[in-house]
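Residue numbers (this note's numbering): 146 to 482. Backbone N, C-alpha and C define an ideal beta-carbon position, used for all residues, glycine too. From a predicted model like this one, the values you see are computed outputs, not experimental measurements. Quick notes on the structure that follows.
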């Protein structure tokens with residue numbers, strides 16, 4: 146039969162409240178009493194109910210990673226798995242547990258988040274995406290609850306966040322294509338509700354202007370967040386004219402879909418069209434041709450996001466409220482020499 150805290154108190158000859166104070170590390174209990182309680186805990190094999198304690202003390206070693214979108218976004222994008230791996234590995238190292246919260250519908254995200262926070266189950270929240278006008282950040286801010294954003298929010302001076310320098314990411318990817326002879330580029334990854342996409346578009350346009358390319362020959366294609374299926378009408382429109390794009394920037398999954406469409410149309414990659422992806426996913430490395438891609442160091446993003454959150458949760462004032470994680474381009478065969 147499983148031992149209870151009452152059994153420990155009886156065996157040690159103390160009150161239940163004294164056992165609770167010993168288990169929480171209270172310095173007010175004498176060394177002799179503490180030793181007696183710990184001996185009883187050992188002999189009885191007692192394991193405290195951490196969840197019950199967190200509800201009483203309003204503390205928790207459970208971190209909630211919240212994806213404010215359909216779960217399909219998470220499970221279709223390998224990037225998030227690597228981010229979660231970084232969070233999970235560091236959480237285990239520091240004695241914390243990770244809980245994933247997904248599936249909130251847009252109309253009740255705030256209610257779901259409020260219930261999660263008020264339950265006392267979690268001690269901190271990581272928002273896994275940053276959206277323009279995100280009310281979930283406002284909700285957490287109003288509740289004065291510890292949270293960190295993975296992404297570059299609009300209110301960058303008011304919240305803690307970790308991200309790549311996505312302006313630099315978009316600029317570097319476009320420059321890579323330009324340096325390899327591309328003159329008519331298309332950024333096929335624009336989702337105006339998400340800051341990461343807006344910032345990469347900014348970098349893309351900066352690179353185009355700096356290279357002196359004809360603005361009329363450049364294009365931006367808007368996509369729904371998390372989709373990897375190209376708009377066929379837009380594809381035909383862009384690649385059926387006299388001067389089709391000769392360089393594409395897109396998320397890895399979208400980039401691979403576009404490579405398939407290019408092949409179906411009789412266009413060669415990279416001889417006719419060069420392609421650069423974002424995220425450096427495993428499938429991108431094995432597609433034909435292997436995809437040149439920007440490695441965003443997702444595990445490091447996850448780790449540093451949790452580092453920043455734990456600093457906040459444990460009462461330390463973070464030395465840096467905002468962190469940029471380095472990225473690099475992995476060159477493969479989808480960009481012409």
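Inset, instruction - Please name the residue, chosen from 449, 274, 289 and 391, that lies closest to residue 296 on a Cα-to-Cα basis. - result: That would be 274, whose Cα lies nearest to the Cα of residue 296.
Legend entry - Contact set for residue 231: own chain, Cβ-Cβ below 7 Å, skip 5 residues either direction: Residues of the same chain with a CB within less than 7 Å of the CB of residue 231, apart from the 5 flanking positions on each side, are 443, 444, 445, 446, 447 and 448 in chain order.
Inset, instruction - Look at the alpha carbon of residue 322 and the alpha carbon of residue 374, and state the distance between them as a whole number of angstroms. - result: Each residue's alpha carbon lies about 22 Å from the other.
Legend entry - Cα-Cα separation between residue 331 and residue 276, rounded to whole angstroms: Note on geometry: alpha-carbon atoms of residue 331 and residue 276 lie some 23 Å from one another.
Inset, instruction - Determine the direct distance from the alpha carbon of residue 423 to that of residue 200, and round the result to whole angstroms. - result: Note that residue 200 scores a pLDDT of 46, beneath 50, so its modelled location is shaky and nothing firm can be said.
Inset, instruction - Report all residues from its chain with a CB closer than 8 Å to the CB of residue 173; omit the five preceding and five following residues, and keep chain order. - result: Taken in chain order, the residues that qualify are 166.
Inset, instruction - Output the boundary residues of the beta strand (DSSP E) element that contains residue 242. - result: Start and end: 242-246.
Inset, instruction - In angstroms with no decimal places, state the Cα-to-Cα distance between residue 415 and residue 318. - result: In a straight line, the C-alpha of residue 415 is about 15 Å away from that of residue 318.
Inset, instruction - Grab the span of the beta strand (DSSP E) containing residue 335 for me, first residue to last. - result: In the DSSP assignment, residue 335 falls within the unbroken beta strand (DSSP E) covering 330-335.
Legend entry - Alpha-carbon to alpha-carbon, residue 343 and residue 525: Since the displayed the chain opens at 146 and closes at 482, residue 525 lies outside it and no answer follows.
Inset, instruction - Would you mind stating whether residue 210 and residue 271 have Cβ atoms separated by less than 8 Å? - result: Between residue 210 and residue 271, the gap from beta carbon to beta carbon is short of 8 Å.
Inset, instruction - Please name the residue, chosen from 205, 347 and 156, that lies closest to residue 189 on a Cα-to-Cα basis. - result: When each option's Cα is compared against that of residue 189, the closest is 156.
Inset, instruction - Look at the alpha carbon of residue 412 and the alpha carbon of residue 475, and state the distance between them as a whole number of angstroms. - result: Computed Cα separation, rounded: 23 Å.
Inset, instruction - Give the straight-line distance between the Cα atoms of residue 251 and residue 283, rounded to the nearest whole angstrom. - result: For residue 251, the predicted model reports a pLDDT of 48, less than 50, meaning its position is unreliable; a value from the coordinates is still stated below. Answer to the nearest angstrom: the Cα atoms are 15 Å apart.
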